[in-house]
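Take a look at the structure below.
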Amino acid sequence: MTSLGLFALVIGLASVFALLNDRLLRLPMTIGILLLSLLASGALLLAEAVLPWSAMGQARAILAQVDLPHTLLDGALAFLLFAGAQAVDMRELWGQRFSVLALAVLGTLLAVVLFAGGMWGVFSLLGLPISFAWCAVLGAILAPTDPVSVVGMLRRLGLPAPLQALFAGESLFNDGVGVVIFTVALGVAMHGGSASVAGLALPFGWEVGGGLLLGLLGGGLAVAGLRAARDAHVEVLISLALATGVYSLSAALGMSGPVAVVAAGLLMGTPMAHTALTPHGRTELPGFWGMVDEVLNALLFVVIGFQVLALSFHLSFLAAAAVAVPLSVLVRGASVLLATLPVYLSGRESPAVLAVLTWGGLRGGISLALALSLPAGPERDLLLCVSYSVVVFTILVQGLTMQPLVQRFYPVSQTGTEEG
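Using numbering that gives the first Met the number 0, the first residue of the sequence shown is number 0, and each one after it goes up by one.
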């Protein structure tokens with residue numbers, strides 16, 4: 000199948016599922032698309048069990064051609080993160096900068112360690128020979144909250160502005176930290192040895208710090224270009240060049256592409272960049288990136304739904320996944336609490352914030368892409384099954400129940416528009 004044919008198939012499925020959701024389910028669009036994709040995948044699996052046909056082989060071949068790790072981590076993520084970062088209120092984010100930093104760095108590290116320790120015990124009880132290093136890989140896969148899922152969720156919740164900025168800031172930055180830990184843990188798991196604090200500090204500083212500086216530098220050059228532009232279409236082209244340029248360059252230099260593109264997107268959302276735009280560009284640019292965000296979200300959630308066809312189903316795998324789901328929620332709550340403990344001790348936060356941050360810690364395409372990028376081996380099938388179960392649970396169950404939770408703690412909040 001050609002690249003155009005593959006794109007046509009995925010966007011066609013996304014359109015059909017979006018229409019069915021709009022007419023029948025009336026769920027937030029991406030969640031409805033994911034649910035319908037899962038139902039379609041289940042129907043294919045059922046048909047394979049009772050009918051002598053080869054459609055499943057064709058479906059898996061198409062799924063392999065999509066190549067989610069490459070498509071997301073080396074392509075769509077640049078646009079999705081850039082679009083999400085532009086929508087963040089920079090004044091509120093700056094006010095929450097210490098909490099965002101604590102959650103994105105310390106919270107992610109704590110989540111990796113706590114989840115790895117818990118799952119190592121679970122795997123041992125189930126008789127699954129998985130080393131602690133591979134459990135750390137699993138922890139790095141599932142520790143970061145997914146910015147695509149979280150930012151989409153924030154659109155339809157009436158959270159207070161400071162909490163929205165905290166949510167969005169953490170989710171936009173912690174995936175870069177998670178990817179660094181994932182890379183180090185995977186190297187240890189595959190080749191043995193151990194990772195020291197010094198060994199982690201160097202790649203972390205280069206990838207995250209370098210990506211941050213590169214994103215800010217690229218954003219500054221783009222703002223200078225915007226000041227010279229006199230046409231909204233030129234301004235859109237500059238923003239596209241910024242998103243793709245900083246992401247690609249940072250990857251070529253061994254820096255974090257996600258951190259770089261988030262930094263560039265945040266700079267583009269500042270009043271300085273806003274005043275550099277033409278009056279037409281101030282409406283054209285957000286509209287363009289909003290459309291890109293909605294289309295890519297729809298395509299991504301179709302692919303996530305059909306990834307169930309790539310799983311291996313064993314009773315011990317399913318038992319591990321059943322324990323991993325509640326454990327991921329408990330670990331999320333513990334990591335949020337421990338990372339922000341000084342803030343809580345100062346009395347500036349409330350248990351409501353802890354509850355909302357814990358239950359709203361959605362995982363998504365980034366976690367699944369990391370799991371699918373694992374090398375072939377006995378550990379891959381197990382870790383992929385556990386990761387997929389946690390991702391689907393957080394999106395469907397936690398994502399759909401966030402609104403009543405928010406309304407319970409923040410009854411004056413008004414529900415926003417549905418997620419696109």
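Built from N, CA and C at the ideal position, the CB exists for glycine as well. The structure displayed is predicted, hence computed values, not measured ones.
Report task. Rounded to whole angstroms, what's the CA-CA distance from THR416 to MET152? Just pull it up for me. Result -> In this prediction, THR416 has a pLDDT of 41, which is less than 50 and means its spatial position is unreliable; nothing more can be read from the coordinates.
Report task. List in chain order: all unbroken alpha helix (DSSP H) runs of 4+ residues lying wholly within the region 63-102. Result -> 67-70, 76-85, 89-94 and 96-100
**Report entry** Per-residue burial, THR282 [other beta carbons within 10 Å of its own, 16 or more giving buried]
**Finding:** The residue is exposed, with fewer than 16 neighbouring Cβ atoms inside 10 Å.
Requested in this report: Use the C-beta contact count for TRP358: other C-beta atoms within 10 angstroms, 16 or more gives buried, fewer gives exposed.
Outcome: buried
Requested in this report: Apply the 10 Å Cβ neighbour rule to MET0 and answer buried if 16 or more other Cβ atoms are within range, or exposed otherwise.
Outcome: Looking at its Cβ environment, which holds fewer than 16 other Cβ atoms inside 10 Å, MET0 is exposed.
Query raised in the report: Can you tell me whether DSSP reads SER412 as helix, strand or coil?
Result: In this prediction, SER412 scores a pLDDT of 46, lower than 50, which makes its location untrustworthy; no coordinate-derived value is stated.
Query raised in the report: In whole angstroms, what separates the C-alpha of LEU216 from that of VAL150?
Result: 25 Å
Report task. In angstroms with no decimal places, state the Cα-to-Cα distance between LEU5 and SER14. Result -> 14 Å
Query raised in the report: Is the region 355-370 in contact with the region 385-403, if contact means three or more CB pairs nearer than 8 Å?
Result: yes
Requested in this report: Tell me the start and end of each unbroken alpha helix (DSSP H) in the region 372-411 that is at least 4 residues and wholly inside, in chain order.
Outcome: 377-392 and 398-408
Requested in this report: Pick helix, strand or coil for ARG226, following the three-state DSSP scheme.
Outcome: helix
Requested in this report: Could you check if MET290 is buried or exposed, using at least 16 other CB atoms within 10 Å of its CB as the buried criterion?
Outcome: Result: exposed.
Report task. Taking only runs that begin and end inside the region 165-215, name each unbroken alpha helix (DSSP H) of 4 or more residues, in chain order. Result -> Runs of the alpha helix (DSSP H) inside the region 165-215: 196-203.
**Report entry** Rounded straight-line distance, which links the Cα of LEU71 to that of LEU43
**Finding:** 25 Å
**Report entry** Own chain, CB closer than 6 Å to LEU67, minus 5 neighbours either side, in chain order
**Finding:** VAL302, ALA368 and LEU371
Query raised in the report: Relative to the alpha-carbon of PHE203, which residue among ALA228, GLY177, ALA223 and GLY214 has its alpha-carbon at the smallest distance?
Result: GLY177
**Report entry** Contact with chain C by ALA251, beta-carbon distance below 7 Å
**Finding:** Given the protein chain composition of this structure (a single chain), no chain C is represented.
Report task. Would you mind stating whether LEU298 and VAL65 have Cβ atoms separated by less than 7 Å? Result -> In this structure, VAL65 does not lie closer than 7 Å to LEU298 by Cβ.
Query raised in the report: Can you list, in chain order, the residues of its chain whose CB lies under 6 Å from that of THR414, leaving out five sequence neighbours each side?
Result: Its pLDDT being 44, under 50, THR414 is placed unreliably by the model, and nothing is read from it.
Report task. Keeping to the same chain, check which residues put their C-beta closer than 7 Å to that of GLY248; ignore five residues upstream and five downstream. Result -> According to the sequence provided, residue 248 is Leu. The question's Gly does not apply to it. Counting only Cβ-Cβ distances below 7 Å, and skipping sequence neighbours, we find LEU213.
Query raised in the report: Could you give the distance in angstroms between the alpha-carbon of SER334 and the alpha-carbon of VAL179?
Result: One C-alpha to the other measures close to 18 Å.
**Report entry** Buried versus exposed, by CB contacts within 10 Å (16 or more), GLY191
**Finding:** exposed
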